[in-house]
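In what follows, a single structure is set out as structure tokens and then discussed.
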Amino acid sequence: MKVRVLVRPKEGILDPQGEAVRGALPALGFGGVKTVHVGRLIEMELESADDVDAMCRRLLANPTVEEYEWEVVS
Numbered sequence: 000m001k002v003r004v005l006v007r008p009k010e011g012i013l014d015p016q017g018e019a020v021r022g023a024l025p026a027l028g029f030g031g032v033k034t035v036h037v038g039r040l041i042e043m044e045l046e047s048a049d050d051v052d053a054m055c056r057r058l059l060a061n062p063t064v065e066e067y068e069w070e071v072v073s
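Residue numbers are given in numbering that gives the first Met the number 0: position 2 of the sequence shown equals residue 1, and the series is strictly consecutive.
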């Protein structure tokens, strides 16, 4: 099965990449963007999704400053 994990900064945590993108968009003609959050997408092929939460908590996300969500896609 394939699992997708989305990791992004928690609400209220400084996101310098997101701020850089938000600042650059108007220069490219894209106005009206209020906030941008940059995260990362991790795709894994697994035999079972039983340990995905543990993988996220222990390695894939920093629970102090990041949140995650995951889904089985196939």
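Glycine included, every Cβ here is placed at the ideal spot set by N, Cα and C.
Query                                                                                    : Result
Under the three-state DSSP convention, the category residue 43 falls into                : strand
Among 25, 32, 38, the one whose alpha carbon lies nearest that of residue 10             : 38
Status (buried if at least 16 other CB within 10 Å, exposed otherwise) for residue 49    : exposed
Residue 8 - DSSP class collapsed to helix/strand/coil                                    : strand
Burial state of residue 64, where buried means 16 or more other Cβ atoms lie within 10 Å : exposed
Residue from 6, 36, 26 with nearest C-alpha to residue 16                                : 36
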